[in-house]
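For the sequence shown, the numbering used here gives the first residue as 2, with consecutive numbering after it. No residue lacks a Cβ here, since even glycine has one placed at the ideal position from N, Cα and C. Given the structure is predicted, the values throughout are model-derived calculations rather than measurements.
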Amino acid sequence: MTPTRRFVLIVPAFNAGRTLGKLLEGTQQYFPADKIIVVDDGSSDASPAIASEKGCVLIRHEINRGKGAALQSGFDAAMKRDIEAVLTMDADLQHDPHSIPEFFTAFASGAFDILIGSRLHDMRGMPVHRKLSNIITTSLVRARTGAGIGDSQSGFRLIGKKVLEEVRLVSAGFEAETEFLIKAAARGFRFGSVPIRTIYAGEKSAMTNVTTTINFIRVLFHDY
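Shown next as C-alpha coordinates:
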(Lines of atoms letter the chains of each structure in order from A and count residues from 1; the text may use other names and numbers.)
(Lines give C-alpha, C1' and ligand atoms only; values in the text may rest on other atoms or scores of the structure.)
Protein backbone atom coordinates (compact mmCIF):
# COMPACT_ATOMS: atom_id res chain seq x y z
CA MET A 1 0.00 0.00 0.00
CA THR A 2 1.37 3.40 -0.93
CA PRO A 3 1.03 6.23 1.59
CA THR A 4 -0.91 8.36 -0.91
CA ARG A 5 -3.81 5.91 -0.99
CA ARG A 6 -6.33 5.75 1.83
CA PHE A 7 -7.85 2.39 2.74
CA VAL A 8 -9.51 0.97 5.83
CA LEU A 9 -9.86 -2.74 6.63
CA ILE A 10 -13.13 -3.99 8.13
CA VAL A 11 -13.28 -7.38 9.87
CA PRO A 12 -16.66 -8.61 11.18
CA ALA A 13 -16.04 -11.03 14.03
CA PHE A 14 -18.32 -13.35 15.96
CA ASN A 15 -16.67 -15.74 18.41
CA ALA A 16 -13.54 -15.69 16.25
CA GLY A 17 -11.05 -15.77 19.09
CA ARG A 18 -9.29 -18.86 17.74
CA THR A 19 -8.37 -17.22 14.43
CA LEU A 20 -8.71 -13.45 14.80
CA GLY A 21 -5.28 -12.79 16.27
CA LYS A 22 -3.46 -14.57 13.48
CA LEU A 23 -5.53 -12.76 10.85
CA LEU A 24 -4.79 -9.36 12.35
CA GLU A 25 -1.08 -10.12 12.55
CA GLY A 26 -1.12 -10.98 8.85
CA THR A 27 -3.02 -7.86 7.83
CA GLN A 28 -0.91 -5.45 9.85
CA GLN A 29 1.90 -5.62 7.33
CA TYR A 30 -0.49 -3.85 4.95
CA PHE A 31 -2.63 -1.78 7.33
CA PRO A 32 -1.58 0.15 10.43
CA ALA A 33 -3.64 -0.93 13.44
CA ASP A 34 -5.61 2.32 13.55
CA LYS A 35 -6.91 1.57 10.05
CA ILE A 36 -8.25 -1.85 10.99
CA ILE A 37 -11.85 -1.81 12.24
CA VAL A 38 -12.95 -4.99 14.00
CA VAL A 39 -16.70 -5.18 14.48
CA ASP A 40 -17.38 -7.59 17.31
CA ASP A 41 -20.89 -8.91 16.72
CA GLY A 42 -21.88 -9.96 20.23
CA SER A 43 -19.07 -12.46 20.82
CA SER A 44 -18.93 -14.41 24.07
CA ASP A 45 -15.25 -15.30 23.64
CA ALA A 46 -12.02 -13.29 23.61
CA SER A 47 -12.56 -11.69 20.18
CA PRO A 48 -12.95 -8.09 21.45
CA ALA A 49 -9.98 -8.43 23.79
CA ILE A 50 -7.80 -9.73 20.96
CA ALA A 51 -8.78 -6.81 18.70
CA SER A 52 -7.93 -4.35 21.46
CA GLU A 53 -4.62 -6.05 22.24
CA LYS A 54 -3.62 -5.69 18.57
CA GLY A 55 -4.38 -1.97 18.74
CA CYS A 56 -7.26 -2.12 16.28
CA VAL A 57 -10.35 0.06 16.30
CA LEU A 58 -13.07 -1.95 18.07
CA ILE A 59 -16.80 -1.58 17.52
CA ARG A 60 -19.01 -3.76 19.69
CA HIS A 61 -22.54 -5.03 19.21
CA GLU A 62 -23.88 -6.03 22.61
CA ILE A 63 -25.87 -8.85 21.02
CA ASN A 64 -25.30 -10.88 17.85
CA ARG A 65 -27.04 -8.96 15.07
CA GLY A 66 -25.63 -10.74 12.01
CA LYS A 67 -22.89 -10.23 9.45
CA GLY A 68 -24.79 -7.65 7.44
CA ALA A 69 -25.32 -5.50 10.51
CA ALA A 70 -21.64 -5.86 11.43
CA LEU A 71 -20.54 -4.83 7.96
CA GLN A 72 -22.80 -1.77 7.96
CA SER A 73 -21.47 -0.70 11.35
CA GLY A 74 -17.97 -0.96 9.89
CA PHE A 75 -18.95 0.97 6.77
CA ASP A 76 -20.50 3.75 8.89
CA ALA A 77 -17.32 4.06 10.95
CA ALA A 78 -15.09 4.06 7.87
CA MET A 79 -17.13 6.75 6.13
CA LYS A 80 -16.36 9.16 8.95
CA ARG A 81 -12.73 9.07 7.79
CA ASP A 82 -10.92 10.43 4.77
CA ILE A 83 -10.85 7.22 2.72
CA GLU A 84 -10.82 6.03 -0.87
CA ALA A 85 -12.06 2.52 -0.22
CA VAL A 86 -12.60 -0.19 2.36
CA LEU A 87 -11.41 -3.78 2.26
CA THR A 88 -13.51 -6.44 3.99
CA MET A 89 -12.15 -9.77 5.20
CA ASP A 90 -13.65 -12.60 7.23
CA ALA A 91 -12.14 -13.42 10.61
CA ASP A 92 -11.90 -17.20 10.09
CA LEU A 93 -8.60 -17.27 8.15
CA GLN A 94 -10.26 -18.29 4.87
CA HIS A 95 -8.85 -15.10 3.36
CA ASP A 96 -5.09 -14.90 2.84
CA PRO A 97 -3.66 -11.47 3.78
CA HIS A 98 -0.94 -11.93 1.16
CA SER A 99 -3.60 -11.29 -1.51
CA ILE A 100 -4.24 -7.77 -0.23
CA PRO A 101 -1.73 -5.99 -2.52
CA GLU A 102 -3.48 -7.46 -5.57
CA PHE A 103 -6.66 -5.63 -4.57
CA PHE A 104 -4.75 -2.36 -4.22
CA THR A 105 -3.13 -2.80 -7.63
CA ALA A 106 -6.41 -3.59 -9.37
CA PHE A 107 -8.18 -0.66 -7.71
CA ALA A 108 -5.38 1.72 -8.67
CA SER A 109 -6.15 1.05 -12.34
CA GLY A 110 -9.33 3.10 -11.95
CA ALA A 111 -11.33 0.49 -13.87
CA PHE A 112 -13.35 -0.87 -10.95
CA ASP A 113 -15.56 0.36 -8.13
CA ILE A 114 -15.85 -3.04 -6.42
CA LEU A 115 -13.33 -5.88 -6.45
CA ILE A 116 -14.29 -9.35 -5.28
CA GLY A 117 -11.84 -12.04 -4.27
CA SER A 118 -12.81 -14.99 -6.46
CA ARG A 119 -12.23 -18.60 -5.48
CA LEU A 120 -14.00 -19.96 -8.55
CA HIS A 121 -10.89 -19.96 -10.76
CA ASP A 122 -9.41 -22.79 -8.68
CA MET A 123 -11.67 -24.63 -6.24
CA ARG A 124 -9.25 -27.36 -5.23
CA GLY A 125 -9.57 -27.91 -1.51
CA MET A 126 -13.10 -26.55 -1.35
CA PRO A 127 -15.72 -29.01 0.01
CA VAL A 128 -18.07 -30.31 -2.68
CA HIS A 129 -21.17 -28.75 -1.15
CA ARG A 130 -19.41 -25.37 -1.05
CA LYS A 131 -18.38 -25.71 -4.69
CA LEU A 132 -21.97 -26.36 -5.77
CA SER A 133 -23.34 -23.62 -3.56
CA ASN A 134 -20.87 -21.01 -4.78
CA ILE A 135 -21.31 -21.88 -8.45
CA ILE A 136 -25.12 -21.87 -8.24
CA THR A 137 -25.45 -18.70 -6.18
CA THR A 138 -22.92 -16.79 -8.29
CA SER A 139 -24.72 -17.82 -11.47
CA LEU A 140 -28.04 -16.65 -10.04
CA VAL A 141 -26.61 -13.31 -8.92
CA ARG A 142 -25.02 -12.78 -12.33
CA ALA A 143 -28.35 -13.52 -14.02
CA ARG A 144 -30.18 -11.20 -11.60
CA THR A 145 -27.78 -8.29 -12.03
CA GLY A 146 -26.35 -8.73 -15.52
CA ALA A 147 -22.96 -7.88 -14.00
CA GLY A 148 -19.68 -9.76 -14.26
CA ILE A 149 -19.55 -10.78 -10.62
CA GLY A 150 -16.76 -13.26 -9.99
CA ASP A 151 -17.75 -14.95 -6.71
CA SER A 152 -20.92 -13.63 -5.12
CA GLN A 153 -20.38 -15.40 -1.80
CA SER A 154 -16.85 -14.15 -1.18
CA GLY A 155 -16.52 -11.73 1.72
CA PHE A 156 -13.04 -10.65 0.58
CA ARG A 157 -13.94 -7.38 -1.16
CA LEU A 158 -12.57 -3.94 -1.87
CA ILE A 159 -15.32 -1.32 -2.11
CA GLY A 160 -14.82 2.24 -3.26
CA LYS A 161 -16.10 5.15 -1.18
CA LYS A 162 -18.57 6.30 -3.81
CA VAL A 163 -20.27 2.89 -3.64
CA LEU A 164 -20.70 3.19 0.12
CA GLU A 165 -22.18 6.64 -0.36
CA GLU A 166 -25.02 5.12 -2.42
CA VAL A 167 -25.47 1.59 -1.08
CA ARG A 168 -26.68 0.89 2.44
CA LEU A 169 -27.45 -2.57 3.78
CA VAL A 170 -30.86 -3.41 5.18
CA SER A 171 -30.44 -7.17 5.62
CA ALA A 172 -28.73 -8.17 8.85
CA GLY A 173 -27.52 -11.69 8.03
CA PHE A 174 -25.25 -13.35 5.47
CA GLU A 175 -27.72 -12.47 2.70
CA ALA A 176 -26.59 -8.84 3.07
CA GLU A 177 -23.56 -9.54 0.88
CA THR A 178 -25.89 -10.52 -1.97
CA GLU A 179 -28.08 -7.49 -1.29
CA PHE A 180 -25.01 -5.28 -1.57
CA LEU A 181 -24.08 -6.67 -4.99
CA ILE A 182 -27.60 -6.32 -6.38
CA LYS A 183 -27.91 -2.72 -5.20
CA ALA A 184 -24.45 -1.80 -6.49
CA ALA A 185 -25.13 -3.36 -9.89
CA ALA A 186 -28.47 -1.54 -10.14
CA ARG A 187 -26.59 1.72 -9.70
CA GLY A 188 -24.14 0.93 -12.46
CA PHE A 189 -21.01 0.36 -10.44
CA ARG A 190 -18.18 -1.56 -12.08
CA PHE A 191 -17.14 -4.99 -10.81
CA GLY A 192 -13.79 -6.72 -11.06
CA SER A 193 -12.28 -9.91 -9.66
CA VAL A 194 -9.05 -10.77 -7.89
CA PRO A 195 -8.14 -14.49 -7.88
CA ILE A 196 -7.66 -15.71 -4.32
CA ARG A 197 -6.73 -19.05 -2.78
CA THR A 198 -9.39 -21.40 -1.51
CA ILE A 199 -8.62 -22.02 2.17
CA TYR A 200 -10.66 -24.51 4.17
CA ALA A 201 -9.50 -26.40 7.23
CA GLY A 202 -12.60 -28.44 7.97
CA GLU A 203 -14.15 -25.70 10.09
CA LYS A 204 -17.90 -25.59 10.58
CA SER A 205 -19.65 -22.84 8.66
CA ALA A 206 -21.26 -20.08 10.70
CA MET A 207 -24.17 -20.14 8.28
CA THR A 208 -27.29 -22.22 8.86
CA ASN A 209 -28.12 -23.75 5.51
CA VAL A 210 -31.93 -23.57 5.46
CA THR A 211 -32.21 -20.07 6.88
CA THR A 212 -29.39 -18.76 4.71
CA THR A 213 -30.92 -20.25 1.56
CA ILE A 214 -34.36 -18.79 2.30
CA ASN A 215 -32.90 -15.36 2.98
CA PHE A 216 -30.74 -15.54 -0.16
CA ILE A 217 -33.80 -16.28 -2.31
CA ARG A 218 -35.75 -13.48 -0.65
CA VAL A 219 -33.00 -10.97 -1.37
CA LEU A 220 -32.41 -12.27 -4.89
CA PHE A 221 -35.98 -11.56 -5.94
CA HIS A 222 -36.46 -8.35 -3.97
CA ASP A 223 -37.09 -5.22 -6.04
CA TYR A 224 -34.29 -2.82 -5.12
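- Secondary-structure assignment with DSSP links P49 through no beta bridge to anything.
- Apart from sequence neighbours up to five positions away, the residues of its chain that approach R61 with a beta-carbon distance below 7 Å are D41, P49, ordered along the chain.
- For the set V87, I38, S119, the Cα lying nearest the Cα of G161 is the one of V87.
- Shown here, R198 sits in coil according to DSSP, grouped into three states, outside any helix or strand.
- Residue ranges of uninterrupted alpha helix (DSSP H) with 4 or more members, entirely inside the region 8-61 and ordered along the chain, are 21-28, 48-54.
- F104 carries a helical assignment under DSSP once its states are collapsed to helix, strand and coil.
- Considered as a whole, the region 75-120 harbours 101-109 as its complete alpha helix (DSSP H) runs of no fewer than 4 residues, in chain order.
- Taking 4 residues as the minimum length, the alpha helix (DSSP H) runs contained wholly in the region 128-194 are 129-146, 162-167, 177-187, in order along the chain.
- F104 and L116 have their C-alpha atoms some 7 Å from each other.
- Distance from the CA atom of D46 to the CA atom of F8, rounded to whole angstroms, is 28 Å.
- About 11 Å separates the beta carbon of V142 from that of S155, a gap too long to meet the 8 Å contact definition.
- Close CB contacts of A186 within its chain, under the 6 Å cut and outside five residues either way in sequence, are with T146, A148 (chain order).
- Put simply, of F175, D77, N210, R219 the residue whose alpha carbon is nearest the alpha carbon of V168 is D77.
- Residue environment analysis places K23 among the exposed positions, since fewer than 16 neighbouring C-beta atoms fall within 10 angstroms of its C-beta.
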